[in-house]
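Q: The structure under discussion is supplied below as structure tokens; questions concerning it will follow.
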Amino acid sequence: MSRPDKASWDASRREEDAVLAMRDGAHLRGRGVLGRLTEASLRATALDTSVRDAAKAESMALDALEARPSYAPAQWVLASCTAQLAAEGRATASEGRDAFAKAVDAFGGEAEAPASLLLEAGTFLRLALVAHTGSSGSGSGSSSGPSGGVLCQADAERLYKHSLSVHPFNAVALTNLGLFTADVLRRPRDAEKLHRRAVAVDPANAPALYNLGALLGEHGEDGHQEAMELYRRAVEAQPDHAFALFNLAVGLEEEGDLEGARTNYALATVCSPTDALMRADYASFLWWKVREGPDAEAEFRSALEAGPDNVAVLRQWLRFADDDEAVAEVTRCCGTKARDAMAMAAADARAKLAALGEQAA
212 MSRPDKASWD ASRREEDAVL AMRDGAHLRG RGVLGRLTEA SLRATALDTS
262 VRDAAKAESM ALDALEARPS YAPAQWVLAS CTAQLAAEGR ATASEGRDAF
312 AKAVDAFGGE AEAPASLLLE AGTFLRLALV AHTGSSGSGS GSSSGPSGGV
362 LCQADAERLY KHSLSVHPFN AVALTNLGLF TADVLRRPRD AEKLHRRAVA
412 VDPANAPALY NLGALLGEHG EDGHQEAMEL YRRAVEAQPD HAFALFNLAV
462 GLEEEGDLEG ARTNYALATV CSPTDALMRA DYASFLWWKV REGPDAEAEF
512 RSALEAGPDN VAVLRQWLRF ADDDEAVAEV TRCCGTKARD AMAMAAADAR
562 AKLAALGEQA A
């Protein structure tokens, strides 16, 4: 089982971005335009993974643009905030796309924009495409977004490649292009080459190590051992990489090392406490593999708190609880999602009964 990636382009800031921040910050302080509201503080507010207060950062960026409409770094921050809000369901994919287009234009177009902005914009388009098509390419080169806009594969690919033309040895750009190649273009062999290039460029880049491992893990037994080693290297490079920890736990569970699996599942949920599906998967492991009922129930309740209308979580909860309380939890949620969850749980039950019947025969 391989988890969706959350490879973060912002894990590796390029030197040019630091120079840009200092230059623009000094310029604005000298002019007294924004006072302490420098590009650096804006980006820190928008991108700090421990805060993620996109609404607050968006407000700051809008204040900056009101004071100076042509301030390109603020347009960039606004695009970052819109992307985060879209991830939270508070903005549309088309709004995110348009915000990045404005940010790129504010810097003078793709030829002049910072490479990491192009990388961020490409990554946003990739994630929007994957979310809309269910982790598969549309086959037509474009896909209608949630609000009717068009999210073009060609745009994302061009942005990634332009970013790499500026920084050809950027591991973050290489591994993100690898994700695009695998998830959208559906070319896993080419994606593997890109991920391997990323790891060769930066052997301690946790997202690149994880992404290569996740891709190899999908190959079954042939890629399992190398994938496990890559997950271990990713965790060594970044001990709080929740998805590397999670996939490592899954692999250990498959190998029969239940103690090691439990340790890594627990660490993964500590590193990503609001990931509802991760917590539900851990809860299922606790119940079905080690028969720890109270701990499993506690994890399920944490999962339900984190994702009360997550169909996959509700489905696992129904399989675990299978009582009136579980049904009440489901019916409390949105009607369609609740019905979907109960239908899937019923299908699970029918499959189990069929399997038991075959065994009895």
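The working numbering numbers the first residue of the sequence shown as 212 and each following residue consecutively. Positions of the beta carbon are idealized from the N, C-alpha and C atoms, including for glycine.
Could you check how far apart the C-beta atoms of Phe-496 and Ala-472 are, in whole angstroms? I think they sit under 8 Å.
A: 7 Å
Q: Only counting the same chain, and skipping five residues up and downstream in sequence, which positions put a Cβ closer than 7 Å to that of Gly-504?
A: Trp-498
Q: Taking the alpha carbon of Ala-438 as the point to measure from, which residue in Glu-447, Ala-339, Asn-422, Ala-448 has its own alpha carbon closest?
A: Cα-wise, what sits closest to Ala-438 is Asn-422.
Q: Within its chain, find whatever has a CB closer than 7 Å to the CB of Val-446; leave out the 5 residues flanking it on each side and keep chain order.
A: His-452, Ala-455, Leu-456, Leu-459
Q: Pairing CB atoms from the region 290-309 with CB atoms from the region 319-327, are three or more of them under 8 Å?
A: no
Q: Let's see if you can read the secondary structure: which residues bound the alpha helix (DSSP H) around Asp-451?
A: From DSSP, Asp-451 is part of no alpha helix (DSSP H); its letter is neither H nor E.
Q: Along the chain, where does the alpha helix (DSSP H) containing Tyr-577 start, and where does it finish?
A: Residue 577 lies beyond the residue range present for the chain, which begins at 212 and ends at 572; the question has no answer from this structure.
Q: Where does Lys-372 fall in DSSP's three states?
A: helix
Q: In chain order, what residues of the same chain have a beta carbon less than 8 Å from the beta carbon of Val-315, not counting five sequence neighbours either side?
A: Glu-321, Ala-324, Leu-328, Leu-329, Ala-332
Q: Using alpha carbons as the reference points, say which of Lys-500, Asn-381, Pro-484 lies closest to Glu-464.
A: Lys-500
Q: Please report how far the alpha carbon of Ser-270 lies from the alpha carbon of Arg-530, in whole angstroms.
A: Answer to the nearest angstrom: the Cα atoms are 43 Å apart.
Q: For Leu-405, which of Tyr-282, Pro-379, Ser-281, Phe-318 has the nearest alpha-carbon?
A: Pro-379
Q: Go ahead and label Glu-429 buried or exposed: buried means 16 or more other beta carbons lie within 10 angstroms of its beta carbon, across all protein chains shown.
A: exposed
Q: Of the choices Gln-286, Ala-297, Ala-339, whose alpha-carbon is the least far from that of Lys-313?
A: Gln-286
Q: So, using beta-carbon positions, are Ala-384 and Tyr-371 closer together than 8 Å?
A: yes
Q: Between which residues of its own chain and Gly-434 is the CB-CB distance below 7 Å, once the five residues before and five after are set aside?
A: Leu-427, Gly-428
Q: Are the CB atoms of Ala-304 and Ala-272 within a distance shorter than 8 Å?
A: no
Q: Could you tell me the distance, in whole angstroms, from the CA atom of Ala-523 to the CA atom of Ala-278?
A: 46 Å
Q: What separation, rounded to the nearest whole angstrom, lies between the Cα atoms of Ala-425 and Arg-444?
A: 13 Å
Q: If distances are taken between C-alpha atoms only, which option among Val-341, Glu-440, Ser-281 comes closest to Ala-298?
A: Val-341
Q: Alpha carbon to alpha carbon, how far is Gln-436 from Ala-417?
A: 17 Å
Q: Using the Cβ count rule (16 or more neighbours within 10 Å means buried), how would you classify Ser-374?
A: It is buried - the Cβ of Ser-374 has at least 16 other Cβ atoms within 10 Å.
Q: Between which two residues does the alpha helix (DSSP H) carrying Ala-298 extend?
A: 283-298
Q: Nearest to Pro-280 by CA position, among Ala-477, Ala-419, Ala-491, Ala-317, is which residue?
A: Comparing Cα-Cα distances from Pro-280 to each of Ala-477, Ala-419, Ala-491, Ala-317, the minimum goes to Ala-317.
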